[in-house]
Structure formats: C-alpha cells, structure tokens
Amino acid sequence: MSTTPVSSAPVKSNSIGLEILDYRGSKSTLCAGCGHNVVAERILEAYYEMGIQPEKVMKISGIGCSSKSLAYFMSRSFSFNSVHGRMPSVATGATLANKTMRTIGISGDGDTASIGIGQFVHLLRRNLPIIYIIEDNGVYGLTKGQFSATADIGSKLKTGVINDLPPIDVCALAIQMGATFVGRSFSGDKKQLSTMLKAAIAHKGTVLLDIISPCVTFNDHEGSTKSYKYMKEHDEAVNETGFITHFEEISVEYDHDTTVDVQMHDGSHLRLRKLHEDYTPTDKAGAVNLLMETHEKGEVLTGIFYVDTHELDFASRLNMVEEPLATLPEERVRPSREVFAELMQAHG
Amino acid sequence: MAISNLEVQSLPIADSPVHSKKVVNDFSIQIATVNGSGSQSANNILLRSIFNMGIPVSGKNLFPSNIAGLPTWFVIRVSREGWVARKNDIDLLIAMNHETFHEDVRSLPTGGSVIFDETFNLTDRRSDLIYYPVPFDRLAAATGAEMKVRKLIKNMVYVGVAAQLLSIDIKGLESIVRKQFGKKAAVADVNWKAVQLGFDYAASTLTKQDTLVVEPMTATHGKIIIDGNSASAMGAMFAGVTVVGWYPITPSTSIVEDLIKYMKQYRVEKDGKASFAIVQAEDELAAIGMVLGAGWAGARAMTATSGPGISLMAEFAGLGYFAEIPGVIFDVQRTGPSTGLPTRTAQGDIQCLAGLSHGDTKHVLLIPGSVKECFEMGVQAFDLAEYLQTPVFVLSDTDLGMNNWMSEPFEYPEKPINRGKVLNVKQLDELGGFSRYKDVDGDGITYRTLPGTDHPAAAYFTRGTGKNDKALYSERPEDYQRNMERLVRKFETARTLVPKPIIDGTGKQKVGIIAYGTSDCAVLESRVQLECELKLATDYLRVRAYPFTQQVDEFIAQHETVYVVEQNRDGQLMNLLKTDLDPTQVTKLHSITHYNGLPIDARSVTQAIASHEGANK
Chain Y
1 MSTTPVSSAP
11 VKSNSIGLEI
21 LDYRGSKSTL
31 CAGCGHNVVA
41 ERILEAYYEM
51 GIQPEKVMKI
61 SGIGCSSKSL
71 AYFMSRSFSF
81 NSVHGRMPSV
91 ATGATLANKT
101 MRTIGISGDG
111 DTASIGIGQF
121 VHLLRRNLPI
131 IYIIEDNGVY
141 GLTKGQFSAT
151 ADIGSKLKTG
161 VINDLPPIDV
171 CALAIQMGAT
181 FVGRSFSGDK
191 KQLSTMLKAA
201 IAHKGTVLLD
211 IISPCVTFND
221 HEGSTKSYKY
231 MKEHDEAVNE
241 TGFITHFEEI
251 SVEYDHDTTV
261 DVQMHDGSHL
271 RLRKLHEDYT
281 PTDKAGAVNL
291 LMETHEKGEV
301 LTGIFYVDTH
311 ELDFASRLNM
321 VEEPLATLPE
331 ERVRPSREVF
341 AELMQAHG
Chain Z
1001 MAISNLEVQS
1011 LPIADSPVHS
1021 KKVVNDFSIQ
1031 IATVNGSGSQ
1041 SANNILLRSI
1051 FNMGIPVSGK
1061 NLFPSNIAGL
1071 PTWFVIRVSR
1081 EGWVARKNDI
1091 DLLIAMNHET
1101 FHEDVRSLPT
1111 GGSVIFDETF
1121 NLTDRRSDLI
1131 YYPVPFDRLA
1141 AATGAEMKVR
1151 KLIKNMVYVG
1161 VAAQLLSIDI
1171 KGLESIVRKQ
1181 FGKKAAVADV
1191 NWKAVQLGFD
1201 YAASTLTKQD
1211 TLVVEPMTAT
1221 HGKIIIDGNS
1231 ASAMGAMFAG
1241 VTVVGWYPIT
1251 PSTSIVEDLI
1261 KYMKQYRVEK
1271 DGKASFAIVQ
1281 AEDELAAIGM
1291 VLGAGWAGAR
1301 AMTATSGPGI
1311 SLMAEFAGLG
1321 YFAEIPGVIF
1331 DVQRTGPSTG
1341 LPTRTAQGDI
1351 QCLAGLSHGD
1361 TKHVLLIPGS
1371 VKECFEMGVQ
1381 AFDLAEYLQT
1391 PVFVLSDTDL
1401 GMNNWMSEPF
1411 EYPEKPINRG
1421 KVLNVKQLDE
1431 LGGFSRYKDV
1441 DGDGITYRTL
1451 PGTDHPAAAY
1461 FTRGTGKNDK
1471 ALYSERPEDY
1481 QRNMERLVRK
1491 FETARTLVPK
1501 PIIDGTGKQK
1511 VGIIAYGTSD
1521 CAVLESRVQL
1531 ECELKLATDY
1541 LRVRAYPFTQ
1551 QVDEFIAQHE
1561 TVYVVEQNRD
1571 GQLMNLLKTD
1581 LDPTQVTKLH
1591 SITHYNGLPI
1601 DARSVTQAIA
1611 SHEGANK
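Heads up: the sequence lines are chains Y and Z, in that order. Heads up, the first sequence is in the working numbering, so the first residue is 1 and it goes up one at a time. Heads up, the second sequence is in the working numbering, so the first residue is 1001 and it goes up one at a time.
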C-alpha cells in the first residue's frame, strides 16, 4: 500500500463502476513467490475487466495450497472452502441451487488428479457451467513436498526421489470427458493467462484451465519439470490468444488463414492465432494428439486447446425454471391441497 | 388396542388337523416364490383384496439380494386386532418354489395348511398339516396365455385358489386386478382369467379342511396403503425440496425414484420448466457434496441412502455440522457392509449417525415409526435443517421403507415453510453488515446470507473449523472453543425443536419399555401379550428423535426397570441413552435386541422381557 497522499487523479473503474479494490481478497498466507498468488491476482483482474459484479460469483475449493488461495481474491464474492477432492460436487450443488450465479472452482493437482479424480471426471462429463482452475505444481505443498499425479516421469524431488509413474494430463482428460473449454497456461505468462481467464468468464459450460504454478518451496529446483526455469525453457504455445469483450468495439481485423475467431456465449470474441499448423480448436482428437506429441518431446504445450460453444451446459440441460431454485417462493415448491388429496386418493 | 390374538393361538390342537372352529381374520399367509417370477403384483393384489374388505392387513417382502432365481417370501398378516408386526408362525403356506418347498413345509406349525404345486414331490409328508395340491401349469395354460407369460400368470392362479379357500370377496378382487393392470385391458383379462380358474378349481376340486376365513370388517375404511419410501418422497416434495443428489442403493433407491415420479408430475410448471434439479451422482461422496453445496447456496436439498452410503458421507456430514449447512439425508437402514444382506432390515446405524464424522460432531436424527411419520418427518426435516443450519438425518429401515403399510391418510402440512435465519439486502442495510457466526439470539443459531444477495456486506467465507465470529480465518484457541461451545448451545436448541416421544400407559407401572422406528409395532403387540399372559402391565415410550428430549429422562426416572427394544446387536439406542443419562439411572436400562435380518416380532420381545422378569423375581 502506498502512503503517498491521495492525488486528484481520477480513480479507474470498470464497466459497472467498480474499482479494482472491490475485487481484492485477504492478504495471502502462501509462500512469497508462490505461483498461486499471481493466479489469484490474474483472476480478480479478469472479473474486474469483464465487469462482473463480485456478489454474483461463487468461489469454491477443496483442500491444499491452491484451495486456500480462494481467500486471496474477491472478498465480496461468496466462498466455500470444502473438503479434499470434493470441490466438484459442492460446486455442482451450489450451481444448481442458483444457476444465475457464476461459479469458479479452485483446485490443485493433488486435489484434482489424485483424491478428487472421481468427482473431477464426472463434473467434466456433465459440462457443468463452471471455471475449474487447477493450480498445478506437481507436488503437495501443505504436507511438505510429496509428488502429485501430474508430476512428470523423471522429475526429481528436493530429497532426490525420482518420479517413475506417468503423469495424468488433466487437459487431455478434460477434452475426452466432455469439458467444452480446455486450456493450459503458466502463472508467469501474464498476457496469455489474463486473456484465457477473460474468455473463460465469457464461456457457458465447463472451462478447465490447468495453470502451471510453481511451488517455490518444494518444487522449483533443478530437475523439477514444474519449476519457473523449466517452464520458461519448455513452454510451447499452441496459439496466441486475443480476446475482445462484448462491450468493446471490434476494431482489429484478423487474418482468416492464421486466426480462428470464436464467438462466445456472451457475444465476446476469442481470437486464436495459430502457432501450430495442425491445430484446430474444435478438433478433440487433434487436440489430444497434439498434447501427447508435445509431451513426448519434453515440451509443455500451453494455450487454448479446445472450445465448443454449442454443447448444452448441465444447468440448461436440466430445464429448470429461470429463477434460482434456492429462493423460489412456497407456492411454487409446495404442491396444492388438491394435489395432496389426489395422492391420498391414489393410495386409498 | 385392548386384546391380542392370544385367544386363537392358544386353541387346543385337535388330534385331527381338521378344526371345527373358524379362525376369522387372524392368521398369516406365507407365499414362497422364486425371485423374478413376477409374484409381487399377485401378492399385492391378495393383500389389497383383504384390505378392501375392511380387514387390517400387513405385507412383508422378505427378499434376497438378487434379480432372479433365488428364493423369496412374502408374508401377509391378517389381524382383526390391527397388529402389523411380523408373526413367526405361519398358518397358510402358498408353496411355489420347489427348492424351498420341504424347508417351508417343515417350518409350519401343527395344523397349518399348504397350497402347493401338485408336481412338487412331497417326500416326507407331515400328517399334522392340511394339503391343497393345485395343477398350476395346467390352469395357467388353460388361460390361453402365451408360453412366456404363463410363469407370471401362475401367480394369479394362487390368488384365485387362496381367495376361494379364505372366502375373499371375488367381486372386489376383480376390481383390484383391473385397477392393477390399468388401461392394459388384454393383460387384465388374462390375469383375471387366471384368478377365476384358480378360484373355480378350488371350489370344484379342493375340500376346505382348514379353519381360516376372512369376514368383512370396517377397520380399514378411509385408510391408505403405502410404503415408507413413497411416503418419505411425498414428504420431501411437500417440504419444497429443490435439489437432490443421490446414488442408488438398496433399500433407499425407491425414495428418489418415487420422488422423480412425483416431481415430474407435480413440480413441472406450465411452461414445462422444473422447479427442481435431481442428479444421479457418481457416488455417495458426490451426492452429499451436492446436497451441501446446494444447501449452502440456499436450496432445500436432500439425498437418500443406506448404511454403506452413510459411511462414505461421514466426512461431509462433519463439514455440514461445522460449516453449518442445511441438508436432509434419508437413511433407510439395512444390515452391515458389502454384499450379503442388503435387502434385509436392521436398526444398526443410529449410534454411528448420532456422531457421524470426526472431531466432536453431533447430529439431529428424526426417527419415524410409521409411514405417516415418514411423510411428516420428511416435511419437518427440511424446516429443522434450515432453521438449525445443520444436516438432519431421517432414519427408517428396509421394513418401513420397502413394505406396504396401512395408515390413516396423511395430513396436508399446515405450517408454512420455515427457511430459518437468512438476512436479505434490507436487513443488511439496517444492520450495516453481519457476523456469520455471532450468537445474536443466544440460541446458538446464527444468521446467514445466501450467495447472490446483492449487498457489499453480504458475502462471507465458509470453511470447516478455524474461524472467528466474522467468518475470518482464525486458529486462536479461544475462537475455536467459543465456536464449539456455541454449537453445543445450538444442539440444546435442537433438543427443544425435535419431535417429542410418544408415551403410552398410565405412567405408574414399574416396568417401562423404550423403542423406536419399526420396533414399535412389535412392542405394541408384546405389551398386550405381557399383560394377558404374565399380568405384567407396562408403560411405553417411543423415541422419535435425537437429541433426546426431556420426556425421555423423566420416563426413565419414573420406572424401576426400562427395557430398550431395538433391531441391532449392540443395543445402540441404549448406549446413546447411557451417555446422556444421569449415572444413577443407567442401571435401570436393559437391552432387548433382535438382529437376524427379519423384522422384529412381538413374541420375541415378550419372551425376552418375560425371561428377564422371571429372573428378577
């Protein structure tokens, strides 16, 4: 915080008149330099820039360093730090109770790919409207540095232990299981991450973002494949992402040969400039292939791998009334005396 | 109910199995079939036909965990006194399963009778029984039904035979058969023809030698027949449930399946939109997670499960308690884990549920003892869960949940829905904010807001432990302890809100009996047996909720000996009572347990109490 006297410079605000301060959270208690702090910052900026009212957001997490970071952004949003690996079910219940809210789930690689893998894949199958963030560092931080299921073969712990089991590629899994917006980014890539988060907010359906977010305490050393250094050397972007919100004027033309324009549910536009010639963001099998090939080369593919704006999200599929179920008045949830009499008659 | 059926039971057995005296409206029929042979509708038609004659009747399906092929039994008890507990002695056996035929026949008491397939080879014929051989295959074939449906039609033949032998109203029977098969007239015709062929065969060929008959009464007029799971589902719908997360598990599955049926019919609005969301979850962990997520966001949310599901829900149950989130969990109890007896009944979850999860949890349990209470507590559970902001469990069992019971019609819930202490925008404006966990009213129940409440001070952070009154992160010892003490205050408030026990008797007897749930019907009958046979008058208290209310303590204090009757091995309710009671009262309690997978019967209770009383003298 600055101690300089307040100047007369106008305070910046977003499209709904809120300031960035309205999106702040509590002070982080994570390690200095933790990737998760940066991710929290990018998330709150994205909601600010998209002009989303914080009271319309539900933040839900499981357990772990990543899940703790729920407290470090958007205190004016409704937050639920639940139990280990179970964020998906809690988020499902909350979203169905009030489909007019926007749900963001924060999880980690342990919380998702180990203890939570069951709920994770079923959330994906349902295409629940949610932004599902995995803050992925390949280790358990709160229990001091055990491998998680996203750690690469050959990656080395500080203690010298080498991982010899294959990693679960959460993005490939998400594409296969039915998520409709899948991407990977790096906490150190501000531009890419910010753009992806804004596009995620514009999407209606399951957004799975796997964000490599290095653990400075337990997994940032030589030999780790989830360190800042490794990411800087091996990050290979599949596309360059651009995003134009629905309230901005589209002024930039784009090259149709190299760039794919995706119109999002809220009318905004996602522009993906191809950096890989084989890449089409609507081709599931192609995306999975590309992920596997890049991984075999020892590179970490980032960018938006797959987008489908047509598939019905779970809340829509259930054909619920427009208003939140949570606050329907008694006369709409308790059937009449006539119905009751009819039921009694049927059993008489 | 003043007198029992003992008069009939103690009739002297004549040398000849042929009794001269009629036994009217007081006997048990056991139908032994093969699972998957389609006997369920035939059995229910037989049950209905007796019910519709105004005679109290109950039916219990004693079935294996199997889709087809294993033996299954359906027991119909006809009782002019209105007793509905399972009775051990069978008076009439309808033997349709060759595999169990000899064992079924062996288990009959002297004087019993057997309707059986004449092709069954009866090797050691007991001379003290009455036999009615019936050519089921020939009669089924005579209906002209196709080969593949004859197996099913055979069941309707025994309905006809039994109807003739027992003097069941044949006109009434026809209307039940026609109602059962609804609009499918051809199906109804062939089924009715099978009943008639059985009836005619019995009339023309069999000579009535037994004494069992039904005679019309008016005792069931105005009553309904329903199973506990349907009643619970109905309760949930009228409670205004909006979100359901569930995972199929016997014997609870039909709660949600019936609920889906009801909701599709009565909770879809004119524009075709549903005022509910029902999700079949990937497991019980997810089912309860959805319930808590929805409850947190303000929905009336529920799940239904049984013991194994309860075990999986343990962690979330604790989170619900500590994070103070409403939700309703119907637990239809069955016997222990894994495969084995998943379709058999027990009351084995109560102790586990009372403290389900880790780290000082206490849960509110509602315990229906009848289908009517399944409905009423199904409604009440949602009000309590939201008012107390905690998970509320409703405990029934296989017997109550899956069997058909007579009941007075239910009553429409008159009390408006109570959504508990929820602050809206206007209240937040007036208060200038709120502290989520501050005990403003002194009852341990704090105020909450729902996600989406459009006020900058509306949001709060939900977590398990580690918070202060303002819902901010805190590991300060005094914050943790203060919160834990408030949760105790809240539980004390719950004690004043849960259903009070039902007490019967003068209150002046030396001996008291405590029971709960489906043990009720056996205890009611046993008390009459004790009074008639042993001149032992008793008082009776039926527990309907945990935490126990003041009346339970008082009842125990008033009696010298208190028998606690329940359907588990370890005396779980008694253990909970012991924990709560003044230590000087504990020695008064004596456990009577029944745990063989079958519903408890009155005779077992009577014998256990008689034996203990005898030892006491």
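By construction, the Cβ of each residue, glycine as well, lies at the ideal position given by its N, Cα and C atoms.
Cα-Cα separation, Y:D255 to Y:C215:
When the Cα atoms are used, Y:D255 and Y:C215 turn out to be separated by approximately 39 Å.
Could you check where the beta strand (DSSP E) with Y:L157 kicks off and where it finishes?
Here Y:L157 belongs to no beta strand (DSSP E), and DSSP marks it neither H nor E.
Top-ranked residue by Cα proximity to Y:Q176, from Y:V39, Y:I162 and Y:L124:
Taking only the C-alpha atoms, the option nearest Y:Q176 is Y:L124.
Between which two residues does the beta strand (DSSP E) containing Y:F305 stretch?
V300 to V307 is the span of the beta strand (DSSP E), which, as asked, contains Y:F305.
Against chain Z, which members of the region 106-122 of chain Y pass a CB distance test of less than 9 Å?
Hits within the stretch, in order: G118, Q119, V121 and H122.
Cβ of Z:V1075 within 9 Å of Cβ of Z:K1060?
Their beta carbons are under 9 Å apart, which means Z:V1075 touches Z:K1060 by this criterion.
Using 8 Å as the cut-off, can you tell me whether the region 1205-1215 of chain Z makes contact with the region 1179-1191 of chain Z, which would need three or more C-beta pairs spanning the two stretches below that distance?
Contact between the region 1205-1215 of chain Z and the region 1179-1191 of chain Z is not established, with fewer than three Cβ pairs separated by less than 8 Å.
Within 9 Å (strictly less), CB to CB, does Z:K1184 reach chain Y?
No, Z:K1184 lies away from the interface with chain Y (no Cβ there is under 9 Å from its Cβ).
Who are the near neighbours of Z:K1510 in its chain, counting only those whose CB is closer than 6 Å to its CB and skipping five residues on each side?
So the qualifying residues of the chain are E1560.
Below 7 Å CB to CB, which residues in the same chain sit around Y:L275 once its five sequence neighbours on both sides are set aside?
Excluding residues up to 5 positions away in sequence, A237, V238, N239 and E240 lie with their Cβ nearer than 7 Å to the Cβ of Y:L275 in the same chain.
Own chain residues within Cβ distance below 6 Å of Z:L1006, not counting five before or after
Low confidence applies to Z:L1006: its pLDDT is 35, below 50, so where it sits in the model is not reliable, and the reading given next is rough at best. Non-local beta-carbon contacts of Z:L1006 in its own chain, meaning distances under 6 Å to residues more than five positions away in sequence, involve C1532 in chain order.
Does DSSP classify Z:S1175 as helix, strand or coil?
Looking at Z:S1175 - three-state DSSP - the assignment turns out to be helix.
From Z:H1102, Z:I1050, Z:L1576 and Z:P1583, pick the residue whose C-alpha is nearest to that of Z:S1591; which is it?
The shortest C-alpha separation from Z:S1591 is found at Z:L1576.
For the beta strand (DSSP E) containing Z:R1077, name the first residue and the last one.
Run containing Z:R1077: P1071 to S1079, per the beta strand (DSSP E) assignment.
For the region 203-237 of chain Y, which residues have a beta carbon sitting closer than 9 Å to at least one beta carbon of chain Z?
Within the region 203-237 of chain Y, no residue has a Cβ lying closer than 9 Å to any Cβ of chain Z.
Could you check if Z:E1386 is buried or exposed, using at least 16 other CB atoms within 10 Å of its CB as the buried criterion?
Under a 10 Å Cβ-count criterion, Z:E1386 is classified as buried, with 16 or more other Cβ atoms of the shown protein chains found around its own Cβ.
By the DSSP assignment, the beta strand (DSSP E) with Z:T1563 in it spans what residues?
Checking the sequence shown, residue 1563 of chain Z turns out to be Tyr, not Thr. It spans T1561 to E1566 - the beta strand (DSSP E) in which Z:Y1563 sits, taken as one unbroken run.
What are the residues of the region 67-87 of chain Y that lie near chain Z, defined by any Cβ-Cβ distance shorter than 7 Å?
Cβ contacts with chain Z come from A71, S75, R76, S77, F78, S79, F80, N81, S82, V83 and R86.
With distances taken from CA atoms, which of Z:P1326, Z:P1133, Z:V1328 and Z:D1349 is nearest Z:P1337?
Looking from the CA of Z:P1337, the closest CA among Z:P1326, Z:P1133, Z:V1328 and Z:D1349 belongs to Z:D1349.
Nearest to Y:G145 by CA position, among Y:L343, Y:I162, Y:I52 and Y:M344, is which residue?
Nearest to Y:G145 by alpha-carbon distance, out of Y:L343, Y:I162, Y:I52 and Y:M344, is Y:I162.
According to DSSP, is Z:P1133 part of a helix, a strand, or is it coil?
Z:P1133 falls in the strand class under three-state DSSP.
Which residue comes first and which comes last in the alpha helix (DSSP H) that contains Z:Y1480?
Run containing Z:Y1480: P1477 to L1497, per the alpha helix (DSSP H) assignment.
Cross-chain neighbours of Z:G1667 in chain Y, by beta carbon under 8 Å:
Since the first residue shown for chain Z is 1001 and the last is 1617, residue 1667 of chain Z is missing from the structure and cannot be characterised.
Integer-rounded CB distance, given that Y:S155 should sit under 8 Å from Y:T225
So it is a contact: roughly 5 Å between Cβ atoms.
So what's Y:F186 in DSSP terms, helix, strand or just coil?
Residue state, collapsed to three classes: strand.
Within 9 Å, strictly: CB atoms of Z:L1530 and Z:T1518
In this structure, Z:T1518 does not lie closer than 9 Å to Z:L1530 by Cβ.
Which two residues bound the contiguous alpha helix (DSSP H) that contains Z:A1194?
For Z:A1194, the uninterrupted alpha helix (DSSP H) run begins and ends at A1185 to T1205, by DSSP.
I need the straight-line Cα distance from Z:A1459 to Z:T1345, nearest angstrom please.
Within the model, the alpha-carbon separation for Z:A1459 versus Z:T1345 is close to 45 Å.
How would you call Y:I16, buried or exposed, if buried means at least 16 neighbouring beta carbons within 10 angstroms?
Exposed, since its Cβ has fewer than 16 Cβ neighbours within 10 Å.
Stretch pair the region 86-106 of chain Y + the region 1467-1481 of chain Z: three plus CB contacts closer than 8 Å
No, the region 86-106 of chain Y is not in contact with the region 1467-1481 of chain Z.
Answer yes or no: do Z:G1069 and Z:L1341 have a C-beta to C-beta separation smaller than 9 Å?
No, they are not a contact pair.
What residues in the region 26-41 of chain Y have a beta carbon less than 7 Å from any beta carbon of chain Z?
Answer set for the region 26-41 of chain Y: empty.
Buried or exposed: which applies to Z:I1094, given that a residue is buried once 16 or more other Cβ atoms fall within 10 Å of its Cβ?
Buried, because 16 or more other Cβ atoms sit within 10 Å of the Cβ of Z:I1094.
Please confirm whether Z:G1293 has its beta-carbon closer than 9 Å to some beta-carbon of chain A.
Protein chains in the displayed structure are Y and Z, and chain A is not among them.
Could you pull out every unbroken beta strand (DSSP E) segment of at least 3 residues lying fully inside the region 1087-1124 of chain Z, listed in chain order?
Listed in chain order, they are 1092-1095 and 1113-1117.
Is the CB-CB distance between Z:G1240 and Y:E330 below 9 Å?
Their beta carbons are under 9 Å apart, which means Z:G1240 touches Y:E330 by this criterion.
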